[in-house]
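Quick note on numbering: my numbering labels position 34 of the sequence shown as 42, and the sequence is numbered without any gaps.
Ideal placement from N, C-alpha and C gives every residue a C-beta, glycine not left out.
Structure first, then comments.
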Amino acid sequence: MPQDGIVHVHEPDVPVTRTRLIVDVDTGIDDALALLYLVASPEAEIVAALCTAGNVPVDQVTANTLSWLEVCGRPDIEVAAGSQVPLVAPLMTTEDTHGPQGIGYAELPAASRSRSSRSAAQAWVDLTREHPGELTGLVTGPLTNLALALRIDPGLPTRLRRLVIMGGCFHHPGNTTPTSEWNVAVDPEAAKVVFDAFSIAPPDRRPIVCPLDVTESIEMYPEHVARIGDVVGVPRSGELSPDAPRGTRSTADVPLVRHISDALRFYMEFHRDQGLGFLAHVHDPFAAAVALGAVPYTSRPATVDVELDGRLTRGTTVADLSGMWQRTPNAVIVAGTRPAEFFDHFVERVGSYIRDLSLPPSKN
9 MPQDGIVHVH EPDVPVTRTR LIVDVDTGID DALALLYLVA SPEAEIVAAL
59 CTAGNVPVDQ VTANTLSWLE VCGRPDIEVA AGSQVPLVAP LMTTEDTHGP
109 QGIGYAELPA ASRSRSSRSA AQAWVDLTRE HPGELTGLVT GPLTNLALAL
159 RIDPGLPTRL RRLVIMGGCF HHPGNTTPTS EWNVAVDPEA AKVVFDAFSI
209 APPDRRPIVC PLDVTESIEM YPEHVARIGD VVGVPRSGEL SPDAPRGTRS
259 TADVPLVRHI SDALRFYMEF HRDQGLGFLA HVHDPFAAAV ALGAVPYTSR
309 PATVDVELDG RLTRGTTVAD LSGMWQRTPN AVIVAGTRPA EFFDHFVERV
359 GSYIRDLSLP PSKN
């Protein structure tokens, strides 16, 4: 079936509409930034944060997510844990990228509450049944939980308002193998289950895929962190400078600013060690902004499938853009954006939220 071949242009939604979200994360430095961004966004309502094994094992992901949401002032958001392992493959984790605990050098206080009594997969099913057509799913880690939910309830795709996935790469080198992106490579079977299942979604509800082709243009530098501090009112100290000794910790007196700086220093050191410069690819906050309709981007419809059997190409996402497979498109692939505009939006939104969160309570 021929595709329309058209590149679609998306500008930020005006007027802004409220978006209710199921967020599935493997927290993870950039997942943490995405959660903070969503908490800081008045048009976003996180109904649950579901945890997937990926950057670190699922128990650590869950602990990170509980603690991070509490530090961000939102201990009320449900946090549910998912499977300990992918559907088929042994679990891969990437502490070399995100640190032994998954959050770089940041040291978060232990959460004062426990995880949800239900599994992440069951939460996907329950929440979409309770709120059919109302919820947007945002997955910034492997797709394991959603794939398990689809095994329980194959009708789930018809009940989501939209699904946004950070994952895959199409015309860009992989970051896990030469052709595969991390979130898909951790659980290729789950990714295939999801793309196959969402083939039943109508065109206006096809998953929006944010691949490395675009997210690796979302390069965060120390200057961006300094600008967040400027909005908060934290003096610039230069502690995140590439010239500071490895592992230098922030002394900022605002906890969230300190945690962001300490997490990102580890991430930036990793990227520098890979020869990419003292920067951080913050894939997940961009995907969160796409989910809210808050960032400009271009996109193309495509039929996406996942290679499972290739000796060299397992975990590769393949996109048919011209209808060679004679299959209806099952995804919308983000093809470009304007990174400077994204960061202007991100810095102002996150900085303003941290500033307001840090103000002393009113005596009125």
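Inset, instruction - Report yes if the CB atom of Gly-36 is closer than 8 angstroms to the CB atom of Asn-63, and no otherwise. - result: yes
Legend entry - Three-way DSSP call (helix, strand, coil) for Ser-307 in this model: strand
Legend entry - Three-state secondary structure assigned by DSSP to Val-15: coil
Inset, instruction - Select from Gly-141, Trp-132 and Trp-76 the residue whose C-alpha is nearest the C-alpha of Gly-112. - result: Trp-76
Inset, instruction - Answer with buried or exposed for Val-355, where buried requires no fewer than 16 other C-beta atoms within 10 angstroms of its C-beta. - result: buried
Inset, instruction - Can you tell me the Cβ-Cβ gap for Val-6 and Ser-360, rounded? I've got them flagged as a contact below 8 angstroms. - result: Nothing can be reported for residue 6, as the shown portion of the chain is limited to 9 through 372.
Inset, instruction - Pick out whichever of Asp-195, Val-217 and Arg-167 has its Cα sitting closest to the Cα of Asp-317. - result: Asp-195
Inset, instruction - Measure the C-alpha to C-alpha separation of Arg-28 and Pro-83 and round it to an integer number of angstroms. - result: 17 angstroms
Inset, instruction - Verify whether the separation of the beta carbon atoms of Leu-146 and Leu-135 is less than 8 angstroms. - result: no
Inset, instruction - Quick one: give me the first and last residue of the beta strand (DSSP E) that Arg-322 is part of. - result: Taken as a continuous stretch (DSSP letters only), Arg-322 belongs to no beta strand (DSSP E), as it is neither H nor E.
Legend entry - Ser-188, DSSP secondary structure in three states: strand
Inset, instruction - Check whether the Cβ atoms of Pro-215 and Ile-173 sit closer than 8 angstroms, and answer yes or no. - result: yes
Legend entry - Same chain, Cβ closer than 6 angstroms to Val-15, neighbours up to 5 away in sequence not counted: Thr-306 and Arg-308
Inset, instruction - Go through its chain and collect everything with a Cβ distance to Ser-269's Cβ below 7 angstroms, but skip five positions before and after it. - result: Val-233, Glu-247, Leu-248, Ser-258 and Ala-260
Inset, instruction - Express the C-alpha separation of Arg-244 and Gly-237 in angstroms, rounding to a whole number. - result: 7 angstroms
Inset, instruction - Would you grab the beta carbon distance between Thr-345 and Val-222 for me? Rounded to a whole angstrom, and I think it's under 8 angstroms. - result: 6 angstroms
Inset, instruction - Taking all protein chains shown into account, decide if Ser-374 is buried (16 or more other Cβ within 10 angstroms of its Cβ) or exposed. - result: Residue numbering for the chain in the displayed model covers 9 to 372; residue 374 lies beyond these limits and cannot be assessed.
Inset, instruction - Within the same chain, show all residues whose beta-carbon is closer than 7 angstroms to that of Pro-263, passing over the 5 residues directly before and after it, in chain order. - result: Val-79
Inset, instruction - Confirm, please, whether the CB-CB distance from Arg-213 to Arg-170 is below 8 angstroms. - result: yes
Legend entry - Three-way DSSP call (helix, strand, coil) for Thr-345 in this model: strand
Inset, instruction - Return the first residue and the last residue of the alpha helix (DSSP H) that Ile-37 is part of. - result: 37-48
Inset, instruction - Report buried or exposed for Ser-188, applying the criterion of at least 16 other Cβ atoms within 10 angstroms of its Cβ. - result: buried
Legend entry - Neighbourhood of Gly-255 by C-beta, 7 angstroms cutoff - its chain only, sequence neighbours within 5 removed: Tyr-113
Legend entry - Cutoff 8 angstroms: Ala-114 Cβ touching any chain D Cβ: The question asks about chain D, but that chain is absent: this structure has only one protein chain.
Inset, instruction - Kindly confirm or deny that the region 197-205 and the region 149-164 touch, where touching means at least three C-beta pairs closer than 8 angstroms. - result: yes
Inset, instruction - Identify every residue that forms a DSSP beta bridge with Cys-218. - result: Met-174
Legend entry - Nearest-angstrom Cα separation, counted from Ile-226 out to Gly-182: 16 angstroms
Inset, instruction - Name the residue from Asp-313, Thr-336, Tyr-229 and Val-358 whose alpha carbon lies nearest to the alpha carbon of Leu-284. - result: Tyr-229
Inset, instruction - Pick helix, strand or coil for Glu-103, following the three-state DSSP scheme. - result: helix
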